[in-house]
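A.B. asks: Note that the protein sequences, when read in sequence, are chains A and B.
In our numbering, each residue's number is its place in the first sequence (first place is 1) plus 3.
In our numbering, each residue's number is its place in the second sequence (first place is 1) plus 42.
Glycine is no exception: its CB is placed at the ideal position from the N, C-alpha and C atoms.
Below: one structure in structure tokens.
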Amino acid sequence: MRYFTKQQGQKEAVPVDLESLGQDRYRLTVNGKTFQVDALSVDQGTLSLLVDGQSYNVEFEENGDEIGTLVRGQVNRTDVADERKLRMRAAAGSFSVEGRQVILAPMPGKVVKVLVKVGEEVKEGQGLVVVEAMKMENELKSPKAGKVTEVFAKEGTAVENNAKLVVVE
Amino acid sequence: MPKIRKVLVANRGEIAIRVMRTCKDLGIATVAVYSEADRSALHVRTADQAYLVGPPPSRESYLVQERILEVAKQSGADAIHPGYGFLSENASFVRACEKAGITFIGPPAAAMDAMGEKTRARANMIKAGVPVVPGTTEPIGTIEEAREYAQKIGFPIMLKAAGGGGGKGMRRVEGLGDFDSAWRSAKSEAMSSFGNDAVYIEKYLEKPHHVEIQVFADQYGNTIHLNERECSAQRRHQKVVEETPSPILTPELRAKMGEVAVKAAKAVNYVGAGTVEFLVDVHRNFYFLEMNTRLQVEHPVTEWVTGLDLVAMQIRAAEGEKLPLFEAPTPRGHAIEVRVYAEDPARNFMPSPGKIHALRVPSGPNVRDDSGVFAGFTVPNYYDPMISKLSVWGATREEAIARAKRALSEYVVKGITTNIRYLHGILSHPEFVGGDYDTSFLTRQHTELLGQEDSKLSEVALLASTLHAFQRDQKRAKTLPSRSGGGDSGNRISPWRLALKSRRR
């Protein structure tokens with residue numbers, strides 16, 4: 004079985020070949036390197052992983068296609084897709100910061116300020132909207148340079164987690 | 043004075059639970075108050091009684107004095123413990139409690155008044171002979187006067203809200219060029235945070251340490267100090283890590299600062315637990331910064347090294363008991379506290395409220411976790427992002443650091459993002475380990491503290507994520523009905539849909 008993975012900061016998806024050997028054992032090949040892994044699911048969302056005699060306790064958290072892991076205090080976010088999903092997502096233009104970017108509210112809160120208008124050209128990292136949550140103001144920035152094509156955020160209104168705020172193309 | 047039988051805790055989160063625990067230890071009944079956002083909160087379930095006080099915003103619930111007093115009467119509470127924040131330093135509330143015949147577990151209103159407004163506190167301290175940071179003792183009227191004064195004492199300077207706290211209305215100004223804009227924003231922030239736009243000026247000390255002294259007084263004028271806490275690991279003037287003893291204090295300096303702190307408390311006839319905050323400069327000169335007239339977030343580290351229960355002492359002092367000890371106990375070992383926040387350090391510390399899906403709290407020898415959350419709890423959007431305080435004790439500073447790191451590595455919070463890894467980064471940083479970090483430490487080392495990725499762990503994460511996706515897909519394949527198989531689950535049209543179709547026709 005082949006999966007395509009992308010960790011934060013990576014540009015290209017990396018193929019990972021996975022073969023089940025039975026009894027919680029697997030063989031995984033990444034970039035020509037092969038690992039024999041013993042992966043025991045100890046409870047929902049926790050995996051005890053033995054790789055070359057090293058023991059890792061891995062905690063998982065799923066957010067859509069993204070899989071968050073906590074290993075020895077390190078948090079990683081990995082996008083994992085199989086071949087079918089990869090094709091679908093390539094068509095939808097996701098899996099990259101190219102194309103249409105919808106900026107979503109990262110937490111529930113209140114829109115304090117909208118910093119851009121429809122039609123405005125923005126730079127990568129430029130502030131788009133200020134959302135207040137837990138008594139703190141947070142500026143949400145543009146992930147890419149482009150043009151603001153839609154603005155959903157309204158000053159003074161409450162927004163839920165993942166509410167659409169701005170679209171940059 | 044009669045013994046306290048029932049305490050209303052006018053607060054939420056970890057501090058409400060902390061206070062209730064001691065009440066229970068002492069055989070005192072407890073009453074919780076809660077907002078509509080906190081019905082499921084742990085403090086409500088920990089208390090013997092609980093009453094709704096209003097809608098989620100604290101201004102309409104936890105801060106409504108009349109409503110809190112009404113609940114006190116209704117529940118038969120004879121005392122109120124305010125925790126920290128909310129009404130804990132509100133002199134008018136203390137007076138209202140007094141009028142209603144309810145014991146306020148904290149200092150008298152007059153002591154709060156004397157220390158509440160920072161410029162007044164400075165003036166009182168100068169009068170009492172306590173060293174203060176050079177600056178104005180009065181709020182400054184006009185921007186021209188302010189500019190002139192700033193030039194006189196020399197840049198950099200700090201602008202500070204007179205009624206302030208928590209870093210709001212505070213600006214560091216490097217020179218004349220950015221003075222005007224800093225002045226305007228400090229004033230507007232002070233107005234919106236404290237309803238008072240009075241701002242004063244202080245000389246900015248280079249590389250200062252924030253060292254505070256815990257003081258304690260009974261109603262008979264007996265006042266002691268309980269040693270210091272080093273609180274220089276701060277971000278946006280909010281403390282993140284605290285420890286005691288301070289790695290930069292000698293026994294002589296500790297005795298001297300303790301003496302001055304006691305003098306400061308005595309000057310305002312203080313009663314109960316309070317904290318005198320100082321800035322210590324590179325030459326180990328120390329200056330009074332402000333006094334917090336309440337129990338503080340970081341009180342557990344003092345409890346670790348003194349073996350005292352500060353909440354129990356507060357209750358006994360409010361009942362009119364005499365202090366159980368008359369001099370500062372010698373610090374025993376070393377304690378460190380880290381504040382676990384619902385925030386994402388990697389995304390500029392963006393708050394992360396939401397539902398906690400899973401929670402595993404560290405334990406083991408000499409580890410204490412004061413928390414207000416549980417698995418399944420939704421951290422509300424309305425309050426401070428601090429969700430827990432992890433504190434540890436060690437025989438030495440090295441042991442305490444190692445234990446704090448061990449405890450952090452056991453901590454698992456799922457569903458929301460926390461600063462746990464960032465805290466680990468602070469405790470591992472050479473500057474922290476070396477013990478001479480000043481208040482600019484966290485800002486200066488920001489990128490480094492976010493932590494370099496360990497490539498081996500990233501590789502493990504990649505393998506684990508792929509395995510997780512595979513196991514998930516396998517599970518789904520087993521539970522989903524087959525699309526091509528026989529039986530009734532194939533591509534046949536449901537009888538419900540046929541019925542609907544024929545009706546539409």
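Taking only three categories from DSSP, how would you classify N166/B?
C.D. replies: helix
A.B. asks: Using DSSP with H/G/I as helix, E/B as strand and the rest coil, what is L491/B?
C.D. replies: helix
A.B. asks: Enumerate in chain order the residues of its own chain whose CB-to-CB distance from S274/B is below 6 Å, with the five nearest sequence positions on each side excluded.
C.D. replies: H251, H252, Y479, D480 and T481
A.B. asks: Would DSSP call M139/A helix, strand or coil?
C.D. replies: M139/A sits in a strand when the DSSP states are folded into three classes.
A.B. asks: Compute the Euclidean distance between the alpha carbons of D120/B and G143/B, then round it to the nearest angstrom.
C.D. replies: 8 Å
A.B. asks: Where in the stretch 282-341 of chain B do unbroken runs of the alpha helix (DSSP H), each at least 4 residues long, occur, reported from the N-terminal end onward?
C.D. replies: 293-309
A.B. asks: With DSSP run on the structure shown, which of helix, strand or coil describes P387/B?
C.D. replies: helix
A.B. asks: Using a 10 Å radius around the Cβ and a threshold of 16 neighbouring Cβ atoms, would you call Q276/B buried or exposed?
C.D. replies: buried
A.B. asks: Does any CB atom of chain B fall closer than 8 Å to the CB of V125/A?
C.D. replies: no
A.B. asks: Name, please, each residue of chain B whose Cβ falls closer than 9 Å to the Cβ of G25/A.
C.D. replies: Close to G25/A, with beta-carbon spacing below 9 Å, lies no residue of chain B; the smallest spacing is near 13 Å.
A.B. asks: Counting only beta-carbon atoms, is Q10/A nearer than 8 Å to chain B?
C.D. replies: yes
A.B. asks: Tell me, please, whether the CB atom of L463/B is closer than 8 Å to any CB atom in chain A?
C.D. replies: In the sequence on display, residue 463/B carries Arg and not Leu. Cβ-Cβ to chain A under 8 Å: yes for R463/B.
A.B. asks: Could you tell me whether any Cβ in chain A is nearer than 8 Å to the Cβ of F512/B?
C.D. replies: yes
A.B. asks: Return helix, strand or coil for K147/A, following the three-state DSSP convention.
C.D. replies: Reduced to three states, the DSSP call for K147/A is coil.
A.B. asks: Helix, strand or coil for L584/B? Go by DSSP, reduced to three states.
C.D. replies: In the structure as shown, chain B starts at 43 and stops at 547, and residue 584/B therefore has no counterpart that could be examined.
A.B. asks: Output, in sequence order along the chain, the residues in the stretch 35-49 of chain A whose CB is closer than 7 Å to any CB in chain B.
C.D. replies: F38, V40, A42, S44 and G48
A.B. asks: Can you list, in chain order, the stretches of the beta strand (DSSP E) that have 3 or more residues and sit fully within the stretch 408-466 of chain B?
C.D. replies: 409-413, 428-436 and 454-456
A.B. asks: Measure from the alpha carbon of G1/A to the alpha carbon of each residue in V347/B, R514/B and Q256/B, then state which is nearest.
C.D. replies: With chain A running from 4 to 172 in the structure shown, residue 1/A is simply not present.
A.B. asks: Output the residue ranges of the alpha helix (DSSP H) runs that lie fully inside the stretch 55-110 of chain B and measure 4 residues or longer, sorted by chain position.
C.D. replies: 55-67 and 84-88
A.B. asks: So which residues on chain B does I1/A lean against when the C-beta distance must stay under 7 Å?
C.D. replies: Any property of residue 1/A remains undetermined from this structure, which presents chain A solely from 4 to 172.
A.B. asks: Can you grab the Cα-Cα spacing for the pair S130/B / R336/B, in whole Å?
C.D. replies: 6 Å
A.B. asks: A359/B to I185/B, Cα distance in whole Å?
C.D. replies: 45 Å
A.B. asks: Measure the C-alpha to C-alpha separation of M200/B and K66/B and round it to an integer number of angstroms.
C.D. replies: 44 Å
A.B. asks: Within 8 Å of any Cβ in chain A, is that where the Cβ of S394/B sits?
C.D. replies: Yes, because at least one Cβ of chain A sits closer than 8 Å to the Cβ of S394/B.
A.B. asks: Less than 8 Å between the CB atoms is what I'm expecting for P176/B and Y424/B, so what's the real figure, rounded?
C.D. replies: Not confirmed; about 39 Å, so no contact.
A.B. asks: For K520/B, which residues of its own chain have a beta-carbon under 6 Å away from its beta-carbon, when the five flanking residues on both sides are left out?
C.D. replies: none
A.B. asks: How long is the line joining the alpha carbons of P289/B and N164/A, rounded to whole angstroms?
C.D. replies: 43 Å
A.B. asks: 8 Å is my cut-off, CB to CB: does K138/A come that close to chain B?
C.D. replies: yes
A.B. asks: Assuming P472/B is part of the alpha helix (DSSP H), what are its boundary residues?
C.D. replies: P472 to G476
A.B. asks: Going by C-alpha distance, which of G76/A, G112/A and K144/A is nearest K157/A?
C.D. replies: Of G76/A, G112/A and K144/A, the residue nearest in Cα terms is G112/A.
A.B. asks: Examine the Cβ distances between the stretch 409-418 of chain B and the stretch 394-401 of chain B and report whether three or more of them are shorter than 8 Å.
C.D. replies: Segments in contact, yes.
A.B. asks: What is the residue span of the alpha helix (DSSP H) that R514/B lies within?
C.D. replies: S497 to T521
A.B. asks: Using a Cβ-Cβ cut-off of 6 Å (strictly less than) and excluding sequence neighbours within five positions of T81/A, which residues of its own chain qualify?
C.D. replies: T8, Q10 and I70
A.B. asks: When DSSP labels each residue in this structure, what does G177/B get in the three-state scheme?
C.D. replies: strand
A.B. asks: Using a cut-off of 9 Å between C-beta atoms, extract the partners of R75/A located in chain B.
C.D. replies: What R75/A touches in chain B: S451, D496, L499 and V502.
A.B. asks: Give the interface partners of M4/A over in chain B, defined as CB-CB distance under 8 Å, in chain order.
C.D. replies: F512
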